[in-house]
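**Student:**
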Amino acid sequence: MLKENISLKTLTSFQIGGLARYFWPAEGAIDIKSAIEWAKGKGLPFFILAGGSNLLVADQGFEGLIIKLQTTNYKLQTNIVHCQAGVKLSDLVKLSLDQGLSGLEWASGIPQATVGGAIWGNAGAFGRNMASVVSEVEVMEAQNAKCKVKSYQNKECGFAYKDSIFKQNKNLIILSADLVLEKKNKQEVKEEVKKVLQYRKDHHPSQPSAGSVFQNIKDKKIISSRPEFAVFQERKEIPAGWLIEQCGLKGKTIGGAQ
């Protein structure tokens, strides 16, 4: 059902931002298709909103249509989870704990993250990411007036560091995915989740945030370009946090964002 002038502040983990001129809660593929066709018919830009955990909304809001994914069903078959794009990663972590399944421990404690958003940006931590568990992704291709549904196998998803084909092509809307997890001792999974949660508690701020949004520098030419980067040669990446500190930007505030 189409709504107007909805605050996006409560729909993002940053908890800041303005209004969406139009807002459409989508319960499934048919809803998403209808919303996209409506926006295109009006000549309006549209944006697919998942959990809002990696998103900064401008104070002036969005003068188009926000399509909010409300698709939250998932089904476990042995060690394969078929889940809709709006399913929270935290629910799948809980499922993993209950069933003794490994592969998503790293996702413990990520604020508001959903399957669709996590696949879109190939979310990851502690050496693991969505690419390591995704088997197949069902998407809606919305590049023209006719929206078609198509499946992408893992190798077709263009997964890279915090990237995917879905992030590069704004017309590919993630609908659902199959995640393949590994059977493991429940206690081992529980201990790993505890470690991850403790690390986040010790190292991450408790204030509203968008999680980890800056990308570490992995380009070999850049790493070898300056003497001060030599310390990162063995690590093969320059931490974004270190670069921000060197630029004197740690704590920099613009509006409600720091």
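Numbering-wise, the numbering used here comes out as the position in the sequence shown, counting from 1, plus 12. Here a beta-carbon is modelled for each residue, glycine too, at the ideal position from N, C-alpha and C.
Going straight from the alpha carbon of V205 to that of P37, what length do you get?
**Tutor:** Distance between the alpha carbons of V205 and P37: 32 angstroms.
**Student:** Considering just the uninterrupted stretch of the alpha helix (DSSP H) at S46, what are its terminal residues?
**Tutor:** Per DSSP, S46 belongs to the alpha helix (DSSP H) from 41-54.
**Student:** Report the three-state DSSP secondary structure of V151 (helix, strand or coil).
**Tutor:** The answer is strand: DSSP assigns V151 an E or B state.
**Student:** Just reading off the alpha helix (DSSP H) that R212 is part of, what are its end residues?
**Tutor:** Counting along the chain, the alpha helix (DSSP H) containing R212 begins and ends at 198-215.
**Student:** Note the first and the last residue of the continuous beta strand (DSSP E) segment covering S144.
**Tutor:** It is not in any beta strand (DSSP E) - S144 carries neither H nor E in the DSSP assignment.
**Student:** Please report the Cβ distance between L14 and G30, rounded to the nearest whole angstrom; I am assuming they are in contact, meaning their Cβ atoms lie under 8 angstroms.
**Tutor:** Wrong, their Cβ atoms sit about 19 angstroms apart, outside the cutoff.
**Student:** Using only CA atoms, which one of L67, G73, A97 lies nearest to P57?
**Tutor:** Checked all of L67, G73, A97; the closest Cα to P57 is G73.
**Student:** In three-state DSSP terms, what is V127?
**Tutor:** In this structure, V127 counts as helix in the three-state DSSP scheme.
**Student:** By the DSSP assignment, the beta strand (DSSP E) with W36 in it spans what residues?
**Tutor:** Element bounds for W36: 31-38.
**Student:** In chain order, what residues of the same chain have a beta carbon less than 8 angstroms from the beta carbon of V105, not counting five sequence neighbours either side?
**Tutor:** Excluding positions up to five away in sequence, the list reads L116, E117, A119, S120, V205.
**Student:** What whole-angstrom Cβ distance do L113 and K196 have, given they're in contact under 8 angstroms?
**Tutor:** 7 angstroms between Cβ atoms; contact.
**Student:** Ends of the alpha helix (DSSP H) at A252?
**Tutor:** Residues 252-258.
**Student:** According to DSSP, which residues form a beta bridge with Q96?
**Tutor:** Q96 is bridged to S188.
**Student:** Considering just the uninterrupted stretch of the alpha helix (DSSP H) at Q165, what are its terminal residues?
**Tutor:** Premise fails: Q165 lies in the beta strand (DSSP E), 160-165, not in any alpha helix (DSSP H).
**Student:** Pull up the DSSP beta-bridge partners for I18, would you.
**Tutor:** According to DSSP, which records beta bridges pairwise, I18 is partnered with A32.
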